[in-house]
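Read through the structure below, which is laid out as structure tokens, and then see the notes.
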Amino acid sequence: MSDLVMAAIVVVGVPAVLVGYIYGTELLLRVAPERQRARIRPWLWLLPALLFLLVFLVYPTIGTIIQSFQNTAGTQFVGLDNYAWFFGSEASLISLRNSVLWLVLLTLFVVGLGLIIAVLVDRVRYEPIAKSVIFVPLAISMVAAGVIWKFMYDYRGPGEPQTGTLNAILGVFGIEPVLWLQERTFALNTIALIVVMAWMWTGFAMVIISAALKGISPELLEAARVDGANEWRVFQHITFPLLLPTIAVVSTTMVITALKAFDIVYVMTYGNYDTDVIASQMIKEMFTNGNFGRASAIAVILLLAIVPIMLMNISRFRAQEAIR
Amino acid sequence: MTAGQQARERAVTRGSRRTIPRPVARIALHAVILLLMVIWLLPTIGLLVNSFRDPQDVANAGWWTALLPPKDLGLEGYATVLARPDIGPAFVNSLFITIPATVIPVIVAAFAAYAFSWMNFPGRNLLFVAIVGLLVVPLQATLIPVLRLLRDFGLTGEFAAVWLAHTGYGLPFAVYLLRNFMGSLPREVFESAYIDGASPVTAFFRLALPMSVPAIAALAIFQFLFVWNDLLVALVYIGLANPSNLPLPAQIANLVNSLGSGWQLLAPAAFLSMALPLLVFVALQRYFVRGITGGAVKG
Amino acid sequence: MESRVTRRLLVGLAALAIVVGACNTGGGGGGGKEVTVIGAWGGDEEKAFLEMVAPWEQQTGNKVKYTGTRDLNTILTTGVASGVLPDLAGLPGPGQMAEFARKGALKPLEGVLDTNTYKSETAPALVDLGTVDGKIVGVFIKSAVKGLIWYSPKNFQGTPPKTWDELQNIAVDATGNKWCVGLESGAASGWPGTDWIEDFVLRQSGPQVYNDWWAGKVKWSDPQIKSAFEAFGDVIADAAGGANGVLTTNFEVGGDGLFTDPPRCMFHHQASFITGLGGFKGKTAGTDYDFFPFPDINSQYSGAVEGAGDLFGMFHDTDAAKSLMKYLVTAPAQDIWVKKGGALSANKNATSYPDDIAKRSAALLTGAKSFVFDASDLMPTAMNAAFWKAMLDYTQDPSKLDSILADLDKVQADAYKPA
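Residue numbers (our numbering), protein chains in the order written: chain U, 1 to 324; chain B, 325 to 623; chain V, 624 to 1042.
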């Protein structure tokens, strides 16, 4: 019976409380003098979000920043030692290089493919099916994705029957099998890992861009077509500029996702063969080596790395508000 | 003249000759889409085929060999996964965890996004960007301080612990996405509503929310997926104190032993665990249809 | 529009509520206490553990609630730091055990276990490994003997070699290689190679050097350690599939080449638990596979045995947890797991091994003249992880040995510093 109670709370109670809160704020505002209302109101609307963020992200982050200046056990301050360690170790240089690769390639793959697919499937009747197919990988857990791509990248020596899909396909064309996850040349293995992540996340970009695409008024596009513009022109001059804000959101999200990505690295190579990234290095320092000081320093470096992107976002939002 | 109209004129004046004949273009379009679909499905098909195979075969021969006779496919893998005694309760736990952990952040983020889009207050952009910046905070760095807090409030092991935590972790992206969408809604709509005497609450529920349905649907799907597939947060906030409340991924992880043996069972498990999120996606697809926003993005 | 969407949503949610409710109306209940246990075991291990505790549950009316996770280290580190912990838990390794004990998280087991019986039944080296600052805080629930050389009696009929040189001189069929090696093991890839190095160090340079080495008192660039790597290099040079095959073969199926036709290799070096994995599973002990102990290299150090095991400790000293802990180390409890194969017991009186091979490996464990524990498991985790990684790097490019060892020296200088 307690499950039924829980189900009732889950399904009815939780949304009711939240909707009740926002109606409650209007009642509350009636007490305030008319002129104050517009000043207080936004903060009441923001309050729940701010509380959640303070408790679950801001408060721990303050701790992280403090720890980044402390020793392993957190018993004494060591100045910038942890940062010096990070920038002084050879392993970090490889992680940094890989993270840049991740950031550039993953964002390009995901946003580019997501945009292309969203625009293309918009023109066919089997759009829902096509979108579902691209979306499937997103529904797969990281561990399962690791298993799936193990089947793709598996390697057997030349001459033996291949068990990995890609090497079997190469074999058909008489090409020697490739060590997808072990080959360091040209960071091939890192690129192989990025492909896995791109395969998973393209559906993400596609869904969001597609949602924005559906918001573009069809009359506008039709009018341009009637006036004689070809499809490419319509895309170039109408669709794309109108999608730009959404593309910026997806790109920002993917840049951050790329910087934080560690699961695929962890599951597929564990950072071996020079595939570590900043985030996987951080997780290892934290839980394998138990060095919270160093792990925190890496986390702070990640935080600082995204400041420029955030500044770009500010100017973009100012621009958006100016024209609407 | 609006930005859209200007764009339209540019599109028309610059180029008007159609270079590729229409039927050829249509065939090329279908070909490209089908090719992409095949590429995207191929890895998953490999997993699907392997989910019906004997673990020993999976390790020794490629999945495509199972498509040729003699076919040696069976449901043993699925039976093994479903035979776990706690798999049923774990599925229910997953629902109890995922539904509120999706609903709460979506609603809370919608409130915040509305405030950021259509209310004026000092420091608005800075605060907003700071929230988005929190996206980069690694969840792992929050585990210990948050677990201590939850312990102090007696929430460890409770579903509510993960509802709240996933709301916190999901909010930066949720606010970001919804603010971007709501911010692009046309100003006139809200202005005329206020002139008609609507309160912000009414404008929110009657206008902003319905017009943002595609973005909300997309957000709901993502949040649902992340929570549904989450293992770490559940293990730490629930598993340490009250393993009876653990969700499905914890049961699936237990199929593999400490040496990694049994990983082949992850294939059938993945399909069982994927089924519901995919269903949710297909169900929500209808909200991605054109026109539901009534041309929300101003043209 | 608002009402339509809302109504649909509510109808959907209500339907879900009914489904959920219907799914799960079975009530829990019954008396007895619940003991929560977190460990690294999953799959067959989880099953064996649950069978092992079943008689205790029946006898006491209590219930064991087991959670397995391969992120044991993460979960317990977080738990210890926050004070939210299960009643009992598998421990990631001796290093973390000591750390958890010194933080006061692990409860001492004197007075919980039947200490005298425990000490008399258990190999002394394993008792010592569970002791921190004079108090028993960890016990071995299951263990293994490392460094056994497996072969198929169908391919190798000679007498087991007594020395490494004899083994090296055994001629191999032209179609195959001497060794099968598989280093791939997900996040722990490389560990089977560390077992090789450990066996070489132990037999080339003896237990003293071995113990100083894992304790961080012998450098990696020391000739005694370097020669162990070089000996492993010779093994790789004669391994099925070459270096690439060694790197990409999962350790579980690493020895399967013994059973192919024609065999890909003659010998496979792996711990006693391999009999429960890969191609060994489903084969008959004695007729399909057999083993001999790692042969001597320096006769001075003859008879040394390397072992490993899964530690277990107690975080909450409730009566039910204490009673379960006491039960787990007893011979009748240990017998249940041992009977299923693939695991050895540290308890001498647990003897229900399924076959002769398992019995012989258990005898090695409990009757070793000199016993050492898996060196990589004893190293600080950062050192251990670097060791695993070094095995992959060395296998991929043996010419880089000196720089690999220099890197390990750097990690060593850092990892052994007191916190």
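Even for Gly, the Cβ is constructed at its ideal location relative to N, Cα and C.
Only a predicted model underlies this, so the values are computations on that prediction, with no experimental measurement involved.
Inset, instruction - Compute the distance between the beta-carbons of residue 432 (chain B) and residue 498 (chain B), then report whether it is under 9 Å. - result: Here residue 432 (chain B) refers to the residue found at position 108 of the second sequence. Here residue 498 (chain B) refers to the residue found at position 174 of the second sequence. For residue 432 (chain B) and residue 498 (chain B), yes; Cβs fall inside 9 Å.
Inset, instruction - Taking only beta-carbon positions, decide if residue 1003 (chain V) is within less than 9 Å of chain U. - result: The residue labelled residue 1003 (chain V) in the question sits at position 380 within the third sequence. Between residue 1003 (chain V) and chain U, the shortest Cβ-Cβ separation is below 9 Å.
Inset, instruction - Write down the C-beta distance between residue 772 (chain V) and residue 903 (chain V) rounded to the nearest angstrom, noting that I regard them as a contact closer than 8 Å. - result: Residue numbering aside, residue 772 (chain V) sits at position 149 when the third sequence is read from its first letter. Residue numbering aside, residue 903 (chain V) sits at position 280 when the third sequence is read from its first letter. With 8 Å as the limit, residue 772 (chain V) and residue 903 (chain V) do not qualify as a contact, their Cβ atoms being about 14 Å apart.
Inset, instruction - Specify whether the region 425-444 of chain B and the region 585-598 of chain B touch according to this definition: at least 3 beta carbon pairs, one from each stretch, less than 8 Å apart. - result: Touching, no.
Inset, instruction - Indicate whether residue 543 (chain B) and residue 600 (chain B) have their beta-carbon atoms separated by less than 9 Å. - result: Counted from its first residue, the second sequence places residue 543 (chain B) at position 219. Counted from its first residue, the second sequence places residue 600 (chain B) at position 276. No. Outside cutoff.
Legend entry - Own chain, CB closer than 6 Å to residue 269 (chain U), minus 5 neighbours either side, in chain order: Reading the first sequence from its first residue, position 269 is the one you call residue 269 (chain U). For residue 269 (chain U), where only same-chain residues beyond five positions count, the Cβ hits under 6 Å are 181 and 275.
Inset, instruction - Using a Cβ cut-off of 9 Å (strictly closer), state whether residue 853 (chain V) contacts chain U. - result: Within the third sequence, numbered from 1, the residue matching residue 853 (chain V) stands at position 230. Not one chain U Cβ lies under 9 Å of residue 853 (chain V).
Inset, instruction - Would you mind telling me which residues of chain B sit closer than 7 Å to residue 210 (chain U), beta carbon to beta carbon, in chain order? - result: Taking the first residue of the first sequence as 1, we reach residue 210 (chain U) at position 210. Residues of chain B passing the Cβ test: 612.
Inset, instruction - Indicate whether at least one CB of chain B lies closer than 9 Å to the CB of residue 688 (chain V). - result: Indexing the third sequence from 1 puts residue 688 (chain V) at position 65. So yes, residue 688 (chain V) belongs to the interface.
Inset, instruction - Name, in chain order, the residues that DSSP records as bridge partners for residue 766 (chain V). - result: Here residue 766 (chain V) corresponds to residue number 143 of the third sequence, with the count starting at 1. Looking at the DSSP assignment, residue 766 (chain V) forms a beta bridge with V:932 and V:967.
Legend entry - DSSP-derived helix/strand/coil call for residue 307 (chain U): As a working note, residue 307 (chain U) is residue 307 in the first sequence. Correct three-state label for residue 307 (chain U): helix.
Inset, instruction - Could you run through the region 698-712 of chain V and flag, in chain order, every residue whose CB is less than 9 Å away from some CB of chain B? - result: Residues 698, 699, 700, 701, 702, 704, 705, 706, 707, 708 and 709.
Legend entry - Proximal chain B residues relative to residue 334 (chain U), where beta-carbon distance stays under 7 Å: The structure shown does not extend to residue 334 (chain U), since chain U is modelled only from 1 through 324, so no value can be given for it.
Inset, instruction - Run the CB neighbour count on residue 418 (chain B), radius 10 Å, all protein chains shown included, and call it buried at 16 or more, exposed below. - result: On the second sequence, residue 418 (chain B) is found 94 positions in, with the first residue counted as 1. Buried is the call here.
Legend entry - Exposure of residue 141 (chain U), with buried meaning 16 or more beta-carbon neighbours within 10 Å: Walking along the first sequence from the start, residue 141 (chain U) turns up at place 141. The residue in question, residue 141 (chain U), is buried, as its Cβ has 16 or more Cβ neighbours within 10 Å.
Legend entry - Residues that residue 504 (chain B) contacts on chain U, provided the C-beta gap is smaller than 7 Å: For the purposes of this step, residue 504 (chain B) is identified with residue 180 of the second sequence, where counting begins at 1. Neighbours of residue 504 (chain B) on chain U, chain order: 245, 246 and 249.
Inset, instruction - Look at residue 943 (chain V) and residue 657 (chain V) and say whether their C-beta atoms are less than 9 Å apart. - result: One-based indexing of the third sequence puts residue 943 (chain V) at position 320. One-based indexing of the third sequence puts residue 657 (chain V) at position 34. Yes, they are a contact pair.
Legend entry - Nearest residue (CA-CA) to residue 779 (chain V), options V:794, V:770, V:788 and V:766: Stepping through the third sequence from its first residue, residue 779 (chain V) is reached at position 156. The residue with the shortest Cα to Cα distance from residue 779 (chain V) is V:794.
Inset, instruction - Pull out every residue of the region 863-876 of chain V whose Cβ sits closer than 8 Å to any Cβ of chain U, in chain order. - result: 864, 865, 867, 868, 870 and 871
Legend entry - Beta carbon proximity, residue 570 (chain B) to chain C, threshold 9 Å: Given the protein chain composition of this structure (U, B and V), no chain C is represented.
Legend entry - Sequence ranges, beta strand (DSSP E) only - wholly within the region 652-690 of chain V, length at least 3: 657-662
Legend entry - DSSP-derived helix/strand/coil call for residue 1046 (chain V): The displayed coordinates of chain V run from 624 to 1042. Any statement about residue 1046 (chain V) would go beyond what the structure contains.
Legend entry - DSSP-derived helix/strand/coil call for residue 374 (chain B): Position 50 of the second sequence, counting from 1, holds the residue named residue 374 (chain B). Reduced to three states, the DSSP call for residue 374 (chain B) is helix.
Legend entry - Minimum C-alpha distance to residue 917 (chain V) - residue among V:847, V:820 and V:1004: Counted from its first residue, the third sequence places residue 917 (chain V) at position 294. With distances taken between Cα atoms, residue 917 (chain V) lies closest to V:820.
Legend entry - Whole-angstrom distance between residue 346 (chain B) and residue 220 (chain U), CA atom to CA atom: As a working note, residue 220 (chain U) is residue 220 in the first sequence. As a working note, residue 346 (chain B) is residue 22 in the second sequence. The straight-line gap from Cα to Cα measures roughly 21 Å.
Inset, instruction - For residue 837 (chain V), name the three-state secondary structure that DSSP assigns. - result: Against the third sequence, residue 837 (chain V) aligns to sequence position 214. Residue state, collapsed to three classes: helix.
Legend entry - residue 97 (chain U) to residue 719 (chain V) span [Cα, whole Å]: For the purposes of this step, residue 97 (chain U) is taken as residue 97 along the first sequence, with counting starting at 1. For the purposes of this step, residue 719 (chain V) is taken as residue 96 along the third sequence, with counting starting at 1. Between residue 97 (chain U) and residue 719 (chain V), the alpha-carbon positions lie close to 32 Å from each other.
Inset, instruction - Within 10 angstroms of the Cβ of residue 87 (chain U), are there 16 or more other Cβ atoms? Answer buried if so, exposed if not. - result: Here residue 87 (chain U) refers to the residue found at position 87 when the first sequence is read from its first residue. Label assigned to residue 87 (chain U): exposed.
Inset, instruction - Give a yes or no on whether the C-beta atoms belonging to residue 165 (chain U) and residue 370 (chain B) are separated by under 9 Å. - result: Mapped onto the first sequence, residue 165 (chain U) falls at position 165. Mapped onto the second sequence, residue 370 (chain B) falls at position 46. Yes, these two residues count as a Cβ contact at 9 Å.
Legend entry - Boundaries of the alpha helix (DSSP H) in which residue 198 (chain U) is found, first to last residue: Stepping through the first sequence from its first residue, residue 198 (chain U) is reached at position 198. Segment 188-214, the alpha helix (DSSP H) holding residue 198 (chain U).
Legend entry - Residue range of the alpha helix (DSSP H) that includes residue 916 (chain V): As a first step, residue 916 (chain V) is located in the third sequence; it is residue number 293 there, counting from the start. Taken as a continuous stretch (DSSP letters only), residue 916 (chain V) belongs to no alpha helix (DSSP H), being part of the beta strand (DSSP E) at 913-916.
Legend entry - Within the region 217-284 of chain U, ranges of the alpha helix (DSSP H) (whole runs, at least 4 residues): 218-226, 231-234, 240-260, 263-268 and 278-283
Inset, instruction - Give a yes or no on whether the C-beta atoms belonging to residue 77 (chain U) and residue 546 (chain B) are separated by under 9 Å. - result: Residue 77 (chain U) sits at position 77 when you count from the first residue of the first sequence. Residue 546 (chain B) sits at position 222 when you count from the first residue of the second sequence. Going by C-beta atoms, residue 77 (chain U) is not nearer than 9 Å to residue 546 (chain B).
Legend entry - chain U contacts from the region 785-812 of chain V (Cβ-Cβ distance under 9 Å): 809, 810, 811 and 812
Legend entry - Sequence-distant residues of the same chain with beta carbon closer than 7 Å to residue 71 (chain U), five excluded per side: For the purposes of this step, residue 71 (chain U) is taken as residue 71 along the first sequence, with counting starting at 1. Cβ within range, chain order: 78 and 293.
Legend entry - 9 Å Cβ cutoff met for residue 277 (chain U) and residue 287 (chain U): In the first sequence, the residue the question calls residue 277 (chain U) occupies position 277. In the first sequence, the residue the question calls residue 287 (chain U) occupies position 287. No.
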